[in-house]
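Enquirer: Sequence order for the protein chains is A and B.
Mapping to the working numbering: the first sequence position 270 is 270, numbers consecutive.
If you want the working numbering, it's the position in the second sequence, counting the first as 1, plus 1000.
There are 2 protein chains.
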Amino acid sequence: MAASIEDVARLAGVSIATVSRSLRGLPDVATATRDKVLAAAQQLDYVASPFAARLASGRSSTFGVVVPFVHRWFFAEVLGAVEGVLRGAGYDLLLHNLGDSEGRERFFSVLPVRKRVDAVIVVSLALTADEVEALTSLELPVGVVGARFPGLSSVRIDDVAAARQAVDHLLSLGHRRIALIGGDTDDPMRFTPPHHRLIGYREALNAIEVPYDPALERLGYFTVGGGEAAMRELLELAERPTAVFAESDEMAYGAMRAIRRAGLRVGHDIAVIGFDDHSNADLMDLSTVRQPVAEQGALLTHAMLAALADDTEPTDTVLPTELVVRGSTVLERSVYKN
Amino acid sequence: MAASIEDVARLAGVSIATVSRSLRGLPDVATATRDKVLAAAQQLDYVASPFAARLASGRSSTFGVVVPFVHRWFFAEVLGAVEGVLRGAGYDLLLHNLGDSEGRERFFSVLPVRKRVDAVIVVSLALTADEVEALTSLELPVGVVGARFPGLSSVRIDDVAAARQAVDHLLSLGHRRIALIGGDTDDPMRFTPPHHRLIGYREALNAIEVPYDPALERLGYFTVGGGEAAMRELLELAERPTAVFAESDEMAYGAMRAIRRAGLRVGHDIAVIGFDDHSNADLMDLSTVRQPVAEQGALLTHAMLAALADDTEPTDTVLPTELVVRGSTVLERSVYKN
DNA sequence: CTGTTAGCGCCTTCAT
DNA sequence: ATGAAGGCGCTAACAG
Chain A
1 MAASIEDVAR
11 LAGVSIATVS
21 RSLRGLPDVA
31 TATRDKVLAA
41 AQQLDYVASP
51 FAARLASGRS
61 STFGVVVPFV
71 HRWFFAEVLG
81 AVEGVLRGAG
91 YDLLLHNLGD
101 SEGRERFFSV
111 LPVRKRVDAV
121 IVVSLALTAD
131 EVEALTSLEL
141 PVGVVGARFP
151 GLSSVRIDDV
161 AAARQAVDHL
171 LSLGHRRIAL
181 IGGDTDDPMR
191 FTPPHHRLIG
201 YREALNAIEV
211 PYDPALERLG
221 YFTVGGGEAA
231 MRELLELAER
241 PTAVFAESDE
251 MAYGAMRAIR
261 RAGLRVGHDI
271 AVIGFDDHSN
281 ADLMDLSTVR
291 QPVAEQGALL
301 THAMLAALAD
311 DTEPTDTVLP
321 TELVVRGSTV
331 LERSVYKN
Chain B
1001 MAASIEDVAR
1011 LAGVSIATVS
1021 RSLRGLPDVA
1031 TATRDKVLAA
1041 AQQLDYVASP
1051 FAARLASGRS
1061 STFGVVVPFV
1071 HRWFFAEVLG
1081 AVEGVLRGAG
1091 YDLLLHNLGD
1101 SEGRERFFSV
1111 LPVRKRVDAV
1121 IVVSLALTAD
1131 EVEALTSLEL
1141 PVGVVGARFP
1151 GLSSVRIDDV
1161 AAARQAVDHL
1171 LSLGHRRIAL
1181 IGGDTDDPMR
1191 FTPPHHRLIG
1201 YREALNAIEV
1211 PYDPALERLG
1221 YFTVGGGEAA
1231 MRELLELAER
1241 PTAVFAESDE
1251 MAYGAMRAIR
1261 RAGLRVGHDI
1271 AVIGFDDHSN
1281 ADLMDLSTVR
1291 QPVAEQGALL
1301 THAMLAALAD
1311 DTEPTDTVLP
1321 TELVVRGSTV
1331 LERSVYKN
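Here you go:
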C-alpha cells in the first residue's frame, strides 16, 4: 500500500497535523521540523490522497473545462493553453467534450461537474439563458472563452469589428460584390461568432453604402465541405461575386477549392479572405483575420485562478485581432480583370 | 449547502446505507423502497459527493489521459473518442498535456495521476524503459494508443506495413527514385511512428532491390514548415527524386507547397504521398495511407474499461490501414514524363 | 431486505 | 510551534 500521512508522521516523529502543515507550506512550522517531515515524505514517496484532502477541505483544485468538439482546431488550441496554466498552478483539468446537441443537453441538465470542481471554463458556446442559469446555480466562478454573458468572466475578441476588418480589406481592394460564407446562426450548438461576424459583414457594406444582397449570404457550417458547397452555389449566380469573406479559414479552404475546380484563380478571379489564421492558412496562402487563440484560453484561466484566490468580480477582456494579407487577396487582381 | 446522503435518508425515511444502495442500483433493495429513495433524491436534487465516495470505496471512476500535444490533429482526435467512451461509462477524464520534453519529464517523475485515477491512457509516445516502469509502478491498468509495450494494453496500426503500402504504391506507378520526409527518430518526445515508417520505406525499396539512397531521407519534424524545408533540399539534389513519401500528411502539405513554389506540378512532375488521411488531405488532393484514429482511441478505452471490470491481461490490437489514392499520385504521370 | 457502525485519509479548529 | 480530536460524506462489512 502507498504511504499515508500517518506513516510520514511516525517516521518524522511528529503529529499528522504537523505533517499536513509542513507539506502544504503553511506558516508556523519550525524549519527543522519541516525539514524532518519533508525528508520523511520523500523517503516514503508520499503523496497526499487528493480525495481525502478534498473531502476534508471542500476544495477540489480542479477545473471543469467544457468544449463543443475537442478535435476542432480552435477548441483544441484553447484547451492546450488552459491545461498549461492549470498544470502550472497545481490544478487538475476535468475534460467535458459535448460532441453534439444531445451531449450538450445532457451536460447542462446533469451538470456532471457538480461537487467536483472549483471553477468551470466554457469554450465558445453561445449559452442560452437556461444554460447560463444552470452554470450560475453551481455557485462557482465560471468563465467563457469567445463570448460574454452577464455574471460570467470572459476573454474574447470583437467578432463584429474583426469581420469588418476582413470586409473592409476587400472593399479597399475595390471589390463591391462581396459574398459571405457563414456559420448557421440557428445552429443547435449555437456558437456566438456566426451572428456577430454576419453583423460585421453587413455593417462594413453598409458603411460605404454598398447594398447588401441576401443571395450572396450562404451557409458553410464551419466545415471545408460546407464552404465548398456554398462557393459552388455562389459561382452559379447570374452575377457572380468578385470576393468572398468566409467566417472561418476552414470554410475558406473549401471555397478556394470550389473556385479552382471551376477553373478560376483564387486571388485573381475571385478574392477570398477567411477568419482565424488557422494553422494551415499560411500554407494555403489564405488572407485572414488572426485572432489570438491560445492567449484567450491562458488569459481566462489566469483570471479564473485570480477570482478563486481573491473572490473578485467577473471580468471581461477583449483581445485585438489582426488582418493578415496573403495571396488569396492579391492586389494585382486588376491586372487580370482588365 | 447542497443536500447530503443523510438529507435524502431522512426525507425517504430510511438509513443512509439504503440510500447508497438504491442510488447505485445495487441488488437486494425492495422496489418500493428504491422508488421512495429515488423520489427523495430527485426532490432534493441530490448528487453524491464523488470525493467521499472515492475515499470510501477506493475507486475513482476517473481515467488519466496523457497526450504530447492536445492541439495536434491526431491527439485531439483520439482524445475526443476516448472522452466519448468514458463519458458514456460514467467515468471522468483527467487531461495531461505534456507540451514539451520538460513537461514530459515532470509528468513521469511526479506522476500526477497517483492516487487519483483508476487507469491511464497514453497516446502515441515511444516510452522509455524508465517511463514504462514509472507507469507500471502505479499498479493500474495502463493502455497506449499507437505503440506497444510489454505489460501495457495497446491499440495501434502496423506502421511498417502502412509505410510499405505507401511506398509500394509509388513503386507500382513506376517510381524508383523515391524520397522520404520523416520525423526525427531521436526526437526528445520520442514518437514510435518515425522509426517504423522509416523501416517500412526501406523495406519496400529493398523488396524490389531498389538501392536506398541516404541523400533521399530527410527530416520534416512532423510540421508543414519542416516538410517544406525538406522538400526544398530534395529539389536541389543533382538527381532529383520523382516521388516523395512523407510520414505525415502535414509534412506532405509542406512538400507540396515547395514543389509548387519551385514551379513544378504535384502529381505530374513529382508524386507525393502522405500518411494519416488528415482532415485536410482530401482538400489538398493528397494521396495517403489512412489510419483509423478515433477508432483506436475508442477501442482502447473499451479495452481498459473491460480490464477494470474483469481484471484481465493486457491486450494488443492492430487495426488495418488503407491506401487512399488522390491527385498527388496521378497515374497520367507518364504522359508528362515521356 | 434494511440498519448500524467502522473506517477511508486528510484538514482544521482548539488547546497547550 | 505542535498535538489532539472531530468531522468531511460516503462505502462496506456485519447484524439482524
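No residue lacks a Cβ here, since even glycine has one placed at the ideal position from N, Cα and C.
When burial is assigned at 16 or more other CB atoms within 10 Å of the CB, is SER339 (chain A) buried or exposed?
Expert: Limits of chain A in this structure are 1 at one end and 338 at the other, which puts residue 339 (chain A) out of reach.
Enquirer: Which residues in chain A sit within 7 Å of HIS1071 (chain B), going by Cβ to Cβ distance?
Expert: ALA76, GLU77 and GLY80
Enquirer: Residues of chain B with a CB under 8 Å from the CB of GLY25 (chain A): which are they?
Expert: Simply none; closest approach about 17 Å.
Enquirer: Cβ of VAL167 (chain A) less than 7 Å from any chain B Cβ?
Expert: no
Enquirer: For chain B, is any of its Cβ atoms less than 7 Å away from the one on ALA56 (chain A)?
Expert: No, ALA56 (chain A) lies away from the interface with chain B (no Cβ there is under 7 Å from its Cβ).
Enquirer: Rounded to whole angstroms, what is the Cα-Cα separation between ARG1232 (chain B) and ALA1163 (chain B)?
Expert: Straight through space, the alpha carbons of ALA1163 (chain B) and ARG1232 (chain B) are spaced by roughly 22 Å.
Enquirer: Could you work out which residues of chain A lie near GLU1105 (chain B), taking near to mean beta carbons separated by less than 9 Å?
Expert: Under the 9 Å cutoff, chain A gives no residues; its nearest Cβ is about 13 Å from GLU1105 (chain B).
Enquirer: In angstroms, rounded to a whole number, what distance separates the CA positions of GLY220 (chain A) and ARG197 (chain A)?
Expert: 13 Å
Enquirer: Provide the residue(s) that pair with ASP1316 (chain B) in DSSP beta bridges, ordered along the chain.
Expert: B:SER1154
Enquirer: What are the start and end residues of the alpha helix (DSSP H) that includes LEU1038 (chain B)?
Expert: 1031 to 1044
Enquirer: Using beta-carbon positions only, say whether ALA252 (chain A) and GLY226 (chain A) come within less than 7 Å of one another.
Expert: no
Enquirer: For ARG1104 (chain B), which of helix, strand or coil comes out of DSSP?
Expert: helix
Enquirer: I need the DSSP call for ASN1097 (chain B), collapsed to helix, strand or coil.
Expert: strand
Enquirer: Let me check understanding here. Comparing Cα to Cα, which of A:LEU305, A:ASP310, A:LEU205 and A:PRO320 lies closest to ARG87 (chain A)?
Expert: A:LEU305
Enquirer: Taking C-beta pairs closer than 7 Å, name the residues in chain B that LEU95 (chain A) reaches, listed in chain order.
Expert: GLU1083, LEU1093 and LEU1095
Enquirer: Closer than 8 Å by C-beta to HIS169 (chain A): which residues in its own chain qualify, once you throw out the five before and the five after it? Chain order, please.
Expert: ILE273, SER287, LEU323, VAL325 and THR329
Enquirer: Nearest-angstrom Cα distance between VAL70 (chain A) and LEU79 (chain A)?
Expert: 8 Å
Enquirer: Is the separation between the beta-carbon of THR321 (chain A) and that of ILE157 (chain A) shorter than 7 Å?
Expert: yes
Enquirer: Check the DSSP bridge columns for GLY1143 (chain B) and list the partner residues they point to.
Expert: B:ILE1121 and B:SER1153
Enquirer: Which chain B residues sit within Cβ distance under 7 Å of ALA52 (chain A)?
Expert: LEU1055
Enquirer: Do ASP1277 (chain B) and ARG1265 (chain B) have their CB atoms nearer than 7 Å?
Expert: no
Enquirer: Below 7 Å CB to CB, which residues in the same chain sit around THR312 (chain A) once its five sequence neighbours on both sides are set aside?
Expert: ALA306
Enquirer: Would you please state the rounded distance, in angstroms, between the beta carbons of THR192 (chain A) and ALA126 (chain A)? I believe it to be under 8 Å.
Expert: Between THR192 (chain A) and ALA126 (chain A) a beta carbon distance of about 4 Å is seen, short of the 8 Å cut, so the two are scored as contacting.
Enquirer: Give every residue of the same chain whose Cβ lies closer than 8 Å to the Cβ of ALA1017 (chain B), excluding the five residues on either side of it in the sequence, and list them in chain order.
Expert: none
Enquirer: For a minimum of 4 consecutive residues, which ranges assigned as the alpha helix (DSSP H) are wholly contained in the region 240 to 297 of chain A?
Expert: 249 to 261
Enquirer: With burial defined as no fewer than 16 other Cβ atoms inside 10 Å of the residue's Cβ, what is the status of ASP1186 (chain B): buried or exposed?
Expert: Result: exposed.
Enquirer: Under 7 Å, do ALA119 (chain A) and PHE63 (chain A) count as touching if we go by C-beta distance?
Expert: yes
Enquirer: Using a cut-off of 8 Å between C-beta atoms, extract the partners of ASN1280 (chain B) located in chain A.
Expert: VAL224, TYR253 and ASN280, listed in chain order.
Enquirer: Compare the beta carbon distance of LEU93 (chain A) and GLU83 (chain A) with 7 Å and say whether it is the shorter of the two.
Expert: The answer is yes: Cβ separation under 7 Å.
Enquirer: In chain order, what residues of the same chain lie with their CB nearer than 7 Å to the CB of GLU1131 (chain B), ignoring the 5 residues before and after it?
Expert: PHE1108
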